[in-house]
Amino acid sequence: MATTSSYPTQHGKLRPLWNSLWLKAAIVIALVLLASAFAVRWYLLHVERAALPQLQGAITVAGLQSPVTVVRDQHGAPHITAQTVEDLAFAQGYITAQDRLWQMDMIRRVAAGELAEILGAAYIPHDKRQRYLQTRHTAQVAARNLDAATRATLDAYARGVNASMADAGSHLPLEFMLLRYKPRPWTAADTLLAGINMAQMLNQSYPDDLRREQVEARVSPEIYRDLYPASFWRDHPPGSEPAEIKDEVPPPVVVAALKEQAMPDPGGWIRRAGLAVENDGCAECRPGSNDWVVSGEHSTTGKPLLSNDMHLAHSVPGIWYQAQLKLADGSLNVIGVTLPGVPFVIVGHNQRIAWGFTNLGPDVQDLFIENIDQANGNYQTPRGPQPLEIRHEVIQVAKGQSVSFDVQVTRHGPIITPVLEGESRQLALEWTLYDPVNGIRFPFLEINRARNWQEFTAAFSKFSGPGQNVVYADVDGHIGYHATGMVPIRAAGDGTVPVSGADGAHDWTGYIPFDKMPWSYDPPSGILATANNRVTPEHYPYLITTDWGSPYRAERIYQFLRSKPKLSPDDMFTLETDIYSNVEKFFSDRFAYAIDHTPNTDAQMRQAADLLRRWDGRMSINSAAARIETVSRKRLFETLLRSKLGDNYTLYTRWGSTAVLENIVNLQPPRWLPKQYSDWNIFLADQVKTALADAPSDLKHWSYGGYNQLTVQNPVIAAAPLLKTFAGPGTLPQSGSGTTVKQVGPDFGPSERFTADFSDWDHSRLNTVTGESGNFLSPYFMDQWSAWYNNTTFDLPFTDAAVARSTMYKLTLNPGG
């Protein structure tokens, strides 16, 4: 009988042996992988450390005419002294590139449409858009048409950047190694591209024009007028009189007159100020800015106080680079924030004057429907058929085939239809930037040197844009405001929707003269402020835009500045960090009232009403009421828009739409009440109830900070798993909202906070979001973050004595080579 033998003893010995070998192998592999990870991390840190700039001693630099001294203060900010303007521009380019070279390269690539070359095919759509917009071509043409003095300073700045790259050699910032490319030399056209990038962020309107056209086609004239009002009852143009702030609710006679009628004439006011955000109910989730100035009569110092916080998209490193620029002969001494890639100071003060910016938001882009005969390459003009200009574009793609195409150009500008989804008309974009002589002008050296209002405005009369509201003050006690930038005058129409380009009926006939732009000098009130709000007084004869920002921040600024007979520099910073919202308090009270007047509400709704009515209107991190109001208002607006636009409700994207919603809720016109509701109170209460669907049973545990968060990090470093902890603060809760003076969103906020103290320049204040350096191993990479996030700030050393006290390093750039 056959038997099958088993070997239990032997088998029992083999299994533990196998398990033991497998375990040892796994341990060895894990140790090897861990060691490899540590080795890779060590190498990456070594590369980053090697890219740290020399801050102390001397460097011989080819291209300088005379020695330049660079003193770094406690925040790493350079204080640069040179003998000539060209050496100063050279040194500024050199030093800025030491700290921000990768950022500078990305700025020009974003603007020019050259991201796919380093980031791959996913960025082809972005690059195609920029190529059809002809941004690099525009910069190159503008560079050729610069006046000789401006071209000389831009060329000197470029030589400084290139000298810095050459001196860095193989020790370039780590981002270049991670993305496996090297930067090309800097040029004057690249500096203009950095300016174009800012203009595109601040003054780009053509996508809004297309959406507005679609909204108009889908709603009644009355609803269209409601959605695009020409002004708001809270508006307060700078320098307007009477000086008193309006009441917080419109007069009853106005309510009675408007409740059953269409709201004010179409026009609406907003301009996208840096972020293309789809409408997710966050109506004010686009960056804005604040600036204001008070005369010495209103300050504790007896001298003017001027403040400015420009709100822009967050990045690591931040958008601004702090610097002081001096000429040894004393003819120039200016300090403030600079834009990496661009020479001179953008916002700050010199020995006599100070100034600050907010976005004016002029409509400087129009779409024209061109009649093109593709067979012969002609298009129709008032003078008959004219040939299209053809420009060839090639997009290089990392690890992919290049993309080639032709761009057709008309007398208005390039045909951009290929990058407009769903569009079949041949649409040409006209843009002030395309003006070959006036489209890009760069008077910042003159602005930095200005000594009084006359010189200051003369310099800004040459500024092409992006159009800004600029506030001013000087040591003699004068204060002022002026709108700036090139704003087109149209033969007909308002530029809000595409129009025929064949007949010339809507052509641009010129630009608003600078002295006809809104301005105010030493107003009787002694206070001037702007916050992207309407700045044109009643009966202003020109059209700047049909889209102003909402009036809430400006209203709050004026209220605050008038709340005290005398204001201190500390008061200025308190206002910059103010998180009270008049309009969100209005909505919270209105929701509470609706709940109180709706039958059969449950306990959670009654708790919501109690929290809302007791709320102080501050958009603070721990506030439950702020979250209830925010999500309820978001739900309310979506419901209203869906009732008119259905699933196309996201077509309506306006910066000032919260003011539109306030009008609707305040006036309660029957045309806006959804058909399934018979009463506005029941409708409003229902929006709150729906918004609370995901809330905890006890609403006190529902915090605004859990909803309102920001993300600040370097995207390249964050994508490297071994380095992610170095990328920046990451995602954190934040106070403030889109309607508070401290205006914030998920990826934008105050990019700097500046106050000029004319009683003592060294007690002026300035802080940015993160720090001066783009190198995460630098002590100046994130040293300003804590102050920014926790609402503190720093003195800004300006005089020789103050700079000497704050000096950490001194570097001399010597000519040679």
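Going by my numbering, the first residue of the sequence shown is number 28, and it counts up by one from there.
Each residue gets a CB set at the ideal place from its N, CA and C atoms; glycine is no exception.
All values reported here derive from a predicted model rather than from experimental measurement.
query	result
Taking just the CA atoms, how far does Asp643 sit from Gln349?	36 Å
When DSSP labels each residue in this structure, what does Ala193 get in the three-state scheme?	helix
Below 8 Å on the Cβ atoms is my contact criterion, and I expect Val768 with Ile584 to pass it. Report the Cβ-Cβ distance as a whole number of Å.	6 Å
For my contact list, Pro265 and Leu555 are in at a C-beta cut-off of 8 Å; report their separation, rounded to the angstrom.	5 Å
List, from N- to C-terminal side, the alpha helix (DSSP H) runs of 4 residues or more that fit wholly inside the stretch 646-732.	651-672, 684-694 and 707-718
Tell me Pro441's beta-bridge partners as DSSP assigns them.	Val436
If I'm right that Phe384 touches Ser316 with Cβ under 8 Å, what's the distance once you round it to whole angstroms?	7 Å
Going straight from the alpha carbon of Gly531 to that of Thr717, what length do you get?	51 Å
In whole angstroms, what separates the C-alpha of Ala712 from that of Thr604?	32 Å
My parser needs the alpha helix (DSSP H) runs of 4 or more residues fully inside the stretch 735-818; what are they?	742-745 and 812-816
Please state whether DSSP places Glu420 in a helix, a strand or coil.	strand
Does DSSP put Lys407 in a helix, a strand or coil?	The residue you asked about is not Lys; residue 407 is Gln in the sequence shown. In this structure, Gln407 counts as strand in the three-state DSSP scheme.
For Lys209, which three-state DSSP category applies?	coil
Under 9 Å between the Cβ atoms of Glu656 and Phe600?	no
Could you check if Arg252 is buried or exposed, using at least 16 other CB atoms within 10 Å of its CB as the buried criterion?	buried
Which word fits Asp784, buried or exposed, when buried means at least 16 other C-beta atoms lie within 10 angstroms of its C-beta?	buried
Just checking, does the stretch 433-442 make contact with the stretch 411-425 on the three C-beta pairs under 8 Å criterion?	yes
Would DSSP call Tyr567 helix, strand or coil?	coil
Jot down the residue ranges of each uninterrupted beta strand (DSSP E) in the stretch 543-627, minimum 3 residues, whole runs only, in chain order.	546-548 and 554-557
Please classify Ser342: does DSSP put it in a helix, a strand, or coil?	coil
Can you give the Cα-Cα distance for His624 and Asn386, rounded to whole angstroms?	42 Å
In whole angstroms, what separates the C-alpha of Ile297 from that of Asp629?	Here Ile297 scores only 19 on pLDDT, less than 50, and its place in the model is too uncertain to base an answer on.
Tell whether a beta-carbon distance below 9 Å holds between Ile571 and Gly494.	yes
Give the single residue among Asn841, Leu219, Pro806 and Ala149 whose Cα lies nearest to the Cα of Pro463.	Leu219
Going by the DSSP bridge assignment, what does Pro414 pair with across the sheet?	Asn405
Give every residue of the same chain whose Cβ lies closer than 7 Å to the Cβ of Asn465, excluding the five residues on either side of it in the sequence, and list them in chain order.	Ser491 and Met513
Give every residue of the same chain whose Cβ lies closer than 8 Å to the Cβ of Lys837, excluding the five residues on either side of it in the sequence, and list them in chain order.	Gln83, Thr96, Val97, Val98 and Arg99
If we ignore side chains and look at the alpha-carbon of each, how far apart do Gln231 and Asn841 end up?	43 Å
Roughly how many angstroms separate the alpha carbons of Pro152 and Asp182, rounded to a whole number?	32 Å
Only counting the same chain, and skipping five residues up and downstream in sequence, which positions put a Cβ closer than 6 Å to that of Leu668?	Tyr676 and Tyr679
Can you tell me the Cα-Cα spacing of Leu205 and Gly368, whole angstroms?	22 Å
Check for me: the alpha helix (DSSP H) holding Ser833 runs from which residue to which?	Asp827 to Ser833
Tell me the residue span of the beta strand (DSSP E) that contains Thr327.	Run containing Thr327: none; DSSP gives neither H nor E here.
Val98 by DSSP, collapsed to three states: which one?	strand
Smallest Cα separation from Leu354: which of Leu472, Gly733 and Val658?	Leu472
Measuring CB to CB, does Gly345 end up less than 9 Å from Val796?	yes
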